[in-house]
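Q:
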Amino acid sequence: MPPRNSSCSGTAPAHPIPVHDGTTVVQPELSTIVLLNGQSVSPAATSSSRWKLPYIQETIIEGSSCPPPFIAITESWLKSYISDAQVQIKDYQSFRSDRPERVGGGCLLYVHDQLVVTETDHYEDRSNNMVMCYVKSCNTLFATVYRPPGADTSGWKNLLDRLQAKIDAISENTTVPDIYVVGDFNYPEIDWEHGGLRSEARCYDFIEFIDRNFLTQVVNQSTREGSTLDLVLTNVPRYVAEVKVNPTSLSDHSLVEIQLGFNMTGRKKNETSKIDPNSFRAVDYHKADFVAISDCLQKVDWLKLWELCDEDLNAFLELFKLTVLQITLEFSPKKESAAEITSRKRRGNKHIYVMKRRRRKMNARIRALQEMNPSSSLIPKLKTEVSLLCYSIQEGTLEKLNKKELRAVDAIKKNPKYFFSYAKRLQKTRSTIPVLRDETGALVDDPSIKAELLQKQY
Numbered sequence: 026m027p028p029r030n031s032s033c034s035g036t037a038p039a040h041p042i043p044v045h046d047g048t049t050v051v052q053p054e055l056s057t058i059v060l061l062n063g064q065s066v067s068p069a070a071t072s073s074s075r076w077k078l079p080y081i082q083e084t085i086i087e088g089s090s091c092p093p094p095f096i097a098i099t100e101s102w103l104k105s106y107i108s109d110a111q112v113q114i115k116d117y118q119s120f121r122s123d124r125p126e127r128v129g130g131g132c133l134l135y136v137h138d139q140l141v142v143t144e145t146d147h148y149e150d151r152s153n154n155m156v157m158c159y160v161k162s163c164n165t166l167f168a169t170v171y172r173p174p175g176a177d178t179s180g181w182k183n184l185l186d187r188l189q190a191k192i193d194a195i196s197e198n199t200t201v202p203d204i205y206v207v208g209d210f211n212y213p214e215i216d217w218e219h220g221g222l223r224s225e226a227r228c229y230d231f232i233e234f235i236d237r238n239f240l241t242q243v244v245n246q247s248t249r250e251g252s253t254l255d256l257v258l259t260n261v262p263r264y265v266a267e268v269k270v271n272p273t274s275l276s277d278h279s280l281v282e283i284q285l286g287f288n289m290t291g292r293k294k295n296e297t298s299k300i301d302p303n304s305f306r307a308v309d310y311h312k313a314d315f316v317a318i319s320d321c322l323q324k325v326d327w328l329k330l331w332e333l334c335d336e337d338l339n340a341f342l343e344l345f346k347l348t349v350l351q352i353t354l355e356f357s358p359k360k361e362s363a364a365e366i367t368s369r370k371r372r373g374n375k376h377i378y379v380m381k382r383r384r385r386k387m388n389a390r391i392r393a394l395q396e397m398n399p400s401s402s403l404i405p406k407l408k409t410e411v412s413l414l415c416y417s418i419q420e421g422t423l424e425k426l427n428k429k430e431l432r433a434v435d436a437i438k439k440n441p442k443y444f445f446s447y448a449k450r451l452q453k454t455r456s457t458i459p460v461l462r463d464e465t466g467a468l469v470d471d472p473s474i475k476a477e478l479l480q481k482q483y
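Structural data, given as structure tokens:
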């Protein structure tokens with residue numbers, strides 16, 4: 026598990042650095058998520074903060090070898106008369122949620138152009154703001170949230186319900202996305218380092234949202250006057266390599282930078298390389314008929330093939346490969362495509378998908394009743410039905426997992442690789458170490474160098 030807090034330095038420059046053995050290695054280009062309470066980034070001519078967005082572009086973006094995939098700004102203080110073009114930053118798409126009536130508040134989210142945003146949503150009321158984007162190519166949901174001190178409880182709950190509904194809807198159509206919920210939450214009563222609460226009632230809905238989505242808060246340093254107000258919540262804390270919290274002239278809140286262990290703008294998780302259907306990689310060896318393959322290989326007259334090649338070794342090796350490939354393809358089924366695997370999983374889990382869809386519709390109905398008729402007698406009944414659905418979904422999911430486990434145990438003798446692959450997927454603690462620092466303090470991601478560093482350490 027990567028460190029939860031750190032003195033951290035941000036994205037390192039991508040230039041060759043010396044290593045202890047005299048060789049050089051190029052610093053890895055790692056993505057950094059930026060979070061800032063802007064305390065007004067209004068570009069209006071009469072605003073004293075119109076210098077902030079150009080400053081952000083010059084220092085944070087252009088000063089980095091790897092542009093941040095996401096830049097989240099809270100307390101943007103923007104209004105509807107300020108157009109998107111006025112807050113545009115080069116190479117970034119902007120998404121915003123402005124406070125409609127009162128002064129202040131608001132959220133502004135910049136997403137790098139290399140990440141294609143496939144779905145967006147926003148929420149605003151007199152107090153709270155939220156803007157959310159989903160990037161399908163890397164299955165990542167990113168939300169920026171602003172909750173002011175003393176926020177209206179019902180409005181805050183509506184915001185969390187809105188965000189939860191989007192997470193549930195996306196999770197129904199694909200695997201659970203990588204979730205990042207960042208922003209200024211103004212919960213000084215939560216002790217993130219030791220897990221203490223000074224006022225459980227005020228934090229109940231927030232803590233419930235965190236627990237429901239298995240989120241981890243990775244900023245454990247003070248971001249303003251001794252309190253950790255600016256938070257980064259994620260369900261993939263293992264991706265976090267370092268956390269940097271530093272004062273900035275942009276605000277009286279510290280600038281938070283979350284360095285990931287990979288380059289997000291260069292990673293396409295859902296893209297797979299095309300496989301030649303007439304190659305060894307296209308074969309499903311788990312279902313191959315190895316007895317038939319062995320019999321055919323024994324019947325091949327290899328000496329005759331050698332003579333046909335005029336005893337040319339390179340030509341014989343090519344013919345040998347093609348002969349083995351032809352026999353393997355004849356007695357082995359092809360691997361399923363990604364679309365076929367998804368379709369098969371959907372067919373097997375159809376009853377769970379149906380229950381999730383029903384739960385989503387009932388939750389939407391509950392929210393509508395709470396807004397229009399809070400005293401309706403239907404609300405408790407619907408909540409009971411939702412609870413029963415949640416229990417049924419949980420039981421169905423556990424049944425599916427038990428079947429997978431039994432299949433893995435049955436395969437332990439004839440296919441141990443399948444068993445250990447299954448066991449590794451369920452590890453609670455991942456052994457992956459994205460990056461380490463060497464003796465000079467430089468970040469390295471080369472596996473061999475990391476292995477040497479760990480060997481020296483332990």
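Heads up: take any position in the sequence shown, counting from 1, add 25, and you land on our numbering. Cβ coordinates follow ideal geometry from the N, Cα and C atoms, glycine included. It should be emphasised that the depicted structure is a prediction, and the values quoted were computed from it without experimental measurement.
#1: Looking at serine 105 and glycine 63, is the spacing between their C-beta atoms short of 7 Å?
#2: In whole angstroms, give me the CA-to-CA distance for proline 92 and valine 268.
#3: Quick check on isoleucine 107: does DSSP put it in helix, strand or coil?
#4: Can you name the start and end residues of the beta strand (DSSP E) that phenylalanine 167 belongs to?
#5: Would you mind working out which of Gly180, Pro94, Leu478 sits nearest valine 142, comparing C-alpha positions?
#6: I think leucine 133 touches leucine 103, with their Cβ atoms under 8 Å apart; what is that distance to the nearest whole Å?
#7: Look at the Cβ atom of glycine 208, then the Cβ atom of valine 156, and state whether they are nearer than 7 Å.
#8: Can you tell me which of the three DSSP states leucine 467 falls into?
#9: Can you give the Cα-Cα distance for lysine 312 and lysine 324, rounded to whole angstroms?
#10: Counting only runs that start and end within the segment 319 to 401, where is the alpha helix (DSSP H) found for 4 or more residues in a row?
#11: Measure from the alpha carbon of tyrosine 310 to the alpha carbon of each residue in Pro173, Lys428, Ile352, then state which is nearest.
#12: Tell whether a beta-carbon distance below 7 Å holds between histidine 137 and tyrosine 117.
#13: Is it the case that the Cβ atoms of valine 59 and isoleucine 96 are separated by a distance below 7 Å?
#14: By DSSP, does phenylalanine 95 sit in helix, in strand, or in coil?
#15: Taking 6 Å as the cut-off, is the beta-carbon of isoleucine 232 closer than that to any non-hydrogen atom of the ligand SAM?
#16: Output the distance between the C-alpha atoms of phenylalanine 231 and aspartate 301, rounded to the nearest integer angstrom.
#17: Check each candidate in Gly130, Ser247, Ile98 and name the one with the smallest Cα separation from phenylalanine 120.
#18: Evaluate glutamate 506 with the Cβ neighbour count: other Cβ atoms within 10 Å of its Cβ, from every protein chain shown; 16 or more gives buried, anything less gives exposed.
#19: If you drop the 5 nearest sequence neighbours on each side, which residues of the same chain put their C-beta closer than 8 Å to that of arginine 383?
#20: Using the Cα positions of serine 56 and isoleucine 283, report the straight-line distance between them to the nearest angstrom.
#21: Where does histidine 278 land, buried or exposed, given buried means 16+ other C-beta within 10 angstroms?
#22: Report back the beta-carbon spacing between arginine 390 and leucine 407 to the nearest angstrom; my notes put them in contact at under 8 Å.
#23: By the 10 Å Cβ neighbour count, where 16 or more other Cβ atoms means buried, how is aspartate 236 classified, buried or exposed?
#24: Give me, in chain order, the residues of the same chain whose beta-carbon lies closer than 6 Å to that of tyrosine 205; leave out the 5 immediate sequence neighbours on both sides.
#25: Might you give, ordered along the chain, the residues of its own chain that have their beta carbon closer than 7 Å to the beta carbon of valine 243, omitting 5 neighbours on each side?
#26: Quick one: grab the DSSP three-state call for proline 68.
#27: Nearest-angstrom Cα distance between proline 272 and leucine 280?
#28: Note down the Cα distance separating aspartate 7 from serine 247, rounded to an integer number of angstroms.
#29: Are the beta-carbon atoms belonging to threonine 290 and glutamine 139 less than 7 Å from one another?
#30: Please state whether DSSP places glycine 63 in a helix, a strand or coil.
#31: Distance cutoff 7 Å, beta carbons only. Does lysine 438 sit that close to anything in chain B?
#32: Figure out for me which residue from Leu478, Ser473, Pro472 has the closest Cα to the Cα of threonine 465.
#33: Answer yes or no: do methionine 380 and serine 417 have a C-beta to C-beta separation smaller than 7 Å?
#34: Grab the span of the alpha helix (DSSP H) containing valine 141 for me, first residue to last.
#35: With DSSP collapsed to three states, give me the class of arginine 306.
#36: Which of the three DSSP states is assigned to aspartate 146 in this structure?
A: Result, derived from the coordinates:
#1: One thing to note: glycine 63 has its Cβ no nearer than 7 Å to the Cβ of serine 105.
#2: Linking proline 92 to valine 268 through their CA atoms gives a straight-line distance of about 17 Å.
#3: Assignment of isoleucine 107 by DSSP, reduced to helix, strand and coil, places it in the coil class.
#4: First-last of the beta strand (DSSP E) with phenylalanine 167: 165 to 171.
#5: Per the Cα distances, Pro94.
#6: Right, their Cβ atoms sit about 7 Å apart.
#7: For glycine 208 and valine 156, no; Cβs fall outside 7 Å.
#8: With the sequence shown as reference, residue 467 is identified as alanine, and leucine is not the correct amino acid for it. If DSSP states are grouped into helix, strand and coil, alanine 467 belongs with coil.
#9: Rounded to whole angstroms, the gap between the alpha carbons of lysine 312 and lysine 324 is 22 Å.
#10: Note on the segment 319 to 401: whole alpha helix (DSSP H) runs with a minimum of 4 residues are 327 to 333, 338 to 355, 363 to 373, 375 to 397, in chain order.
#11: Of the residues Pro173, Lys428, Ile352, the one whose Cα lies closest to the Cα of tyrosine 310 is Ile352.
#12: Yes.
#13: Yes; because the gap between Cβ atoms is below 7 Å, this pair is in contact.
#14: Assigned with DSSP and collapsed to three states, phenylalanine 95 falls in strand.
#15: In the structure shown, the ligand SAM is absent, as is every other ligand, since no ligand is present at all.
#16: Taking the straight line from one Cα to the other gives about 49 Å.
#17: With distances taken between Cα atoms, phenylalanine 120 lies closest to Ile98.
#18: The shown model of the chain, from 26 to 483, leaves out residue 506, and the question about it has no answer.
#19: Hits under 8 Å: Leu414.
#20: Here the C-alpha atom of serine 56 lies approximately 8 Å from the C-alpha atom of isoleucine 283.
#21: That one is buried.
#22: That belief holds up - the Cβ atoms of arginine 390 and leucine 407 are roughly 6 Å apart, short of 8 Å.
#23: Answer is exposed; the Cβ neighbour count stays below 16.
#24: Cβ within range, chain order: Phe167, Thr259.
#25: Correct list, in chain order: Arg29, Val257, Thr259, Pro262, Val265, Val268, Ile283.
#26: Three-state result, proline 68: coil.
#27: One Cα belongs to proline 272, the other to leucine 280, and the distance between them is close to 6 Å.
#28: Lying before the first or after the last residue shown, residue 7 is absent from the chain, which here runs from 26 to 483.
#29: In this structure, glutamine 139 lies closer than 7 Å to threonine 290 by Cβ.
#30: Here DSSP, grouped into helix, strand and coil, assigns glycine 63 to coil.
#31: The displayed structure is made up of one protein chain only, and chain B is not part of it.
#32: Looking at the Cα atoms, Leu478 is the closest of the given residues.
#33: Closer than 7 Å, so yes.
#34: Careful: valine 141 lies outside any alpha helix (DSSP H) and carries neither H nor E.
#35: Here DSSP, grouped into helix, strand and coil, assigns arginine 306 to helix.
#36: Looking at aspartate 146 - three-state DSSP - the assignment turns out to be strand.
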